[in-house]
Amino acid sequence: ITAIIQPGGSIRDEEVIEAANDHSISMMFTGIRHFNH
């Protein structure tokens, strides 16, 4: 995996960003959520 595209807005975004950085994975945030709960 070299890149991840995700909606963002999670309370755990900082954890996810840190993990991606630790593994040299590019991450892009769309700002668009695709589900409701």
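If you count the sequence shown from 1, you need to add 50 to reach our numbering.
The beta-carbon is built from N, C-alpha and C at its ideal position, and this holds for glycine as well.
Asked                                                                                                                                                         : Found
Return the Cβ separation of histidine 77 and isoleucine 54 in integer angstroms, given the expectation that the two are a contact with Cβ distance under 8 Å. : Note that residue 77 corresponds to methionine in the displayed sequence, not to histidine. Yes, they are in contact, since the Cβ atoms of methionine 77 and isoleucine 54 sit about 5 Å apart, within 8 Å.
Kindly indicate the opening and closing residues of the beta strand (DSSP E) around isoleucine 55.                                                            : 53-56
From the DSSP secondary-structure annotation, give me the bridge partner or partners of serine 76.                                                            : Ala53
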